[in-house]
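S.K.: Take a look at the following structure, please.
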Amino acid sequence: LGSAGALTLSSEVTLALLGLVVAAGLIFGVTMVLPIGGADMPVVISLLNSFTGTAAAMAGFVLGNPVLIISGALVGAAGGILTKLMADAMNRSIMNIMVGGFGGGEGAAATTDDSGGTVREIGADDVAIQLAYASSVIVVPGYGLAVAQAQHAVRELAELLESKGVDVKYAIHPVAGRMPGHMNVLLAEANVPYPQLKEMEEINPEFDRCDVALVIGANDVTNPAARRPGSPVSGMPILDVDHAKSIVVIKRSMGRGYAGIDNELYTDPKTGMLFADAKDGLAALTAAVKEL
57 LGSAGALTLS
67 SEVTLALLGL
77 VVAAGLIFGV
87 TMVLPIGGAD
97 MPVVISLLNS
107 FTGTAAAMAG
117 FVLGNPVLII
127 SGALVGAAGG
137 ILTKLMADAM
147 NRSIMNIMVG
157 GFGGGEGAAA
167 TTDDSGGTVR
177 EIGADDVAIQ
187 LAYASSVIVV
197 PGYGLAVAQA
207 QHAVRELAEL
217 LESKGVDVKY
227 AIHPVAGRMP
237 GHMNVLLAEA
247 NVPYPQLKEM
257 EEINPEFDRC
267 DVALVIGAND
277 VTNPAARRPG
287 SPVSGMPILD
297 VDHAKSIVVI
307 KRSMGRGYAG
317 IDNELYTDPK
327 TGMLFADAKD
337 GLAALTAAVK
347 EL
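In the working numbering, the protein residues as written are 57 to 348.
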């Protein structure tokens, strides 16, 4: 509409029309996103990305620009496919996501710490002892790992543990990070052996036999509240980290994830919180394990 106006109308009318289109777009974007639950935001962002590609393609038709048409169509198609994959991984339909809040719960303001749960802080030396003398360790990477660029640090720690006879595997949630396959790409960049990367359906039964689950910057994808009807994240597929014999979470703070709720895993009696940047925390663990 704005492109058509720019080609056919006077400059004053064109500016007014473009301003109207921009304002309408802003209103549409805000009103579309407001009712959507926080945990669904990665899906919505992907959908909006698809819309931008479609809009670019439409502008290409108006301007008669084949390059704009092709590039816009590619972005729109890729964004649409990614949106569908992410929605499927969250066990939800795109329509269900767009209509309202996540899982039909009480809203993103719900918390779990109000129930009186206690967070247990743990030091790097204590974690190193648990890891070094474990038979099996499952690493659960999340967005915090990506932000800290700690993929090489986690591989170094894993190789050190393997040299001590520890079986190390990586639990990959379909939407960990900001897109499907985000963790796979990061760990592949660090030359982590592909057979060690286990998808959610494959790795979940192994948590029951796992000595230590090492969670690095993952939040909503490990929240046991997803199993409870009425929770804001109810129905979301999660990694069964709480089934492990011992749990260590490396996290900078008690900040919430996209869903905007506290993670019940953090108040589990089996969980120890190592408050640190993912890269610094892993480096401290590696140094501590080497000293054992």
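Just so you know, even glycine gets a beta-carbon here, dropped at the ideal spot from N, CA and C.
What are the boundary residues of the beta strand (DSSP E) that E177 is part of?
M.R.: Residue numbering aside, residue 177 sits at position 121 when the sequence shown is read from its first letter. Careful: E177 lies outside any beta strand (DSSP E) and carries neither H nor E.
S.K.: Give the C-beta separation of L330 and V183 to the nearest angstrom, bearing in mind that I take them to be a contact with Cβ-Cβ under 8 Å.
M.R.: Position 274 of the sequence shown, counted from the start, is the residue given in the question as residue 330. Position 127 of the sequence shown, counted from the start, is the residue given in the question as residue 183. Going by Cβ atoms, the distance from L330 to V183 rounds to 6 Å, so yes, they are a contact pair.
S.K.: Could you please give me the residues that DSSP links to T87 through a beta bridge?
M.R.: Walking along the sequence shown from the start, residue 87 turns up at place 31. Bridge partners of T87: none, in fact.
S.K.: Just to confirm before moving on: does the CB-CB distance between V193 and V224 stay below 7 Å?
M.R.: Counting from one through the sequence shown, the residue named residue 193 turns up at place 137. Counting from one through the sequence shown, the residue named residue 224 turns up at place 168. Cβ distance < 7 Å, so V193 and V224 count as in contact.
S.K.: In chain order, what residues of the same chain lie with their CB nearer than 6 Å to the CB of P351, ignoring the 5 residues before and after it?
M.R.: Because the chain spans 57 through 348 in this model, residue 351 falls outside it and cannot be assessed.
S.K.: How far does the beta strand (DSSP E) with D324 in it reach, from first residue to last?
M.R.: Position 268 of the sequence shown, counted from the first residue, corresponds to residue 324. First-last for D324: undefined, no H or E at that position.
S.K.: Quick one: which unbroken alpha helix (DSSP H) runs of 4-plus residues sit fully inside the segment 173-250? Chain order, please.
M.R.: 180-188, 199-203, 207-219, 238-245
S.K.: For A209, which residues of its own chain have a beta-carbon under 6 Å away from its beta-carbon, when the five flanking residues on both sides are left out?
M.R.: Numbered from its first residue, the sequence shown carries residue 209 at position 153. Excluding sequence neighbours, A209 sits near K335, L338, A339.
S.K.: What number of angstroms, rounded off, separates the C-alpha of G173 from the C-alpha of V77?
M.R.: Numbered from 1 along the sequence shown, position 117 holds the residue referred to as residue 173. Numbered from 1 along the sequence shown, position 21 holds the residue referred to as residue 77. Distance between the alpha carbons of G173 and V77: 50 Å.
S.K.: Quick one, are the C-beta atoms of V89 and V100 less than 7 Å apart?
M.R.: The count along the sequence shown starts at 1 and reaches residue 89 at position 33. The count along the sequence shown starts at 1 and reaches residue 100 at position 44. Contact: yes.
S.K.: Measure the alpha-carbon distance for V305 versus L341 and round it to whole angstroms.
M.R.: Position 249 of the sequence shown, counted from the first residue, corresponds to residue 305. Position 285 of the sequence shown, counted from the first residue, corresponds to residue 341. Straight across, the Cα-Cα distance linking V305 with L341 is about 12 Å.
S.K.: Is it the case that the segment 309-325 contacts the segment 129-147, given that we only count it when at least three CB pairs across the two stretches are under 8 Å?
M.R.: no
S.K.: Just how far apart, CA to CA, sit G328 and Q252?
M.R.: The sequence position of residue 328 within the sequence shown is 272, counting from 1. The sequence position of residue 252 within the sequence shown is 196, counting from 1. Spanning the two alpha carbons is a distance of roughly 24 Å.
S.K.: CA-CA distance, G161 and D298?
M.R.: Counting from one through the sequence shown, the residue named residue 161 turns up at place 105. Counting from one through the sequence shown, the residue named residue 298 turns up at place 242. Note on G161: pLDDT 42, under 50, position unreliable in the model; the coordinate value appears next. Approximately 22 Å between the Cα atoms of the pair.
S.K.: May I ask which residues mark the beginning and end of the alpha helix (DSSP H) holding V100?
M.R.: Here residue 100 refers to the residue found at position 44 when the sequence shown is read from its first residue. 97-119 is the span of the alpha helix (DSSP H), which, as asked, contains V100.
S.K.: Expressed to the nearest angstrom, what Euclidean distance is found between the alpha-carbon atoms of M292 and L119?
M.R.: In the sequence shown, counting from the first residue as 1, residue 292 sits at position 236. In the sequence shown, counting from the first residue as 1, residue 119 sits at position 63. M292 and L119 have their alpha carbons spaced roughly 43 Å apart.
S.K.: Buried or exposed: where does S287 fall if 16 or more other Cβ atoms within 10 Å of its Cβ makes it buried?
M.R.: Taking the first residue of the sequence shown as position 1, residue 287 is located at position 231. Per the 10 Å Cβ criterion, buried.
S.K.: For L141, which residues in the same chain have their Cβ closer than 7 Å to its Cβ, ignoring the five residues on either side in sequence?
M.R.: Indexing the sequence shown from 1 puts residue 141 at position 85. Same-chain partners within the cutoff: P236.
S.K.: Closer than 8 Å is the cut-off here; do at least three beta carbon pairs connect the segment 211-219 with the segment 121-128?
M.R.: no
S.K.: Suppose you measure from the CA of L264 to the CA of G233; what does that come to, to the nearest Å?
M.R.: Within the sequence shown, residue 264 is the residue found at index 208, counting from 1. Within the sequence shown, residue 233 is the residue found at index 177, counting from 1. Here residue 264 turns out to be Asp, not Leu, going by the sequence shown. Distance between the alpha carbons of D264 and G233 is about 24 Å.
S.K.: Between A72, D267, F84, which has its C-alpha nearest L187's C-alpha?
M.R.: Residue mapping note: residue 187 aligns to position 131 of the sequence shown, counting from 1. The residue with the shortest Cα to Cα distance from L187 is D267.
S.K.: Per DSSP, which one or two residues make a beta bridge with I272?
M.R.: In the sequence shown, counting from the first residue as 1, residue 272 sits at position 216. According to DSSP, I272 bridges with P197, I306.
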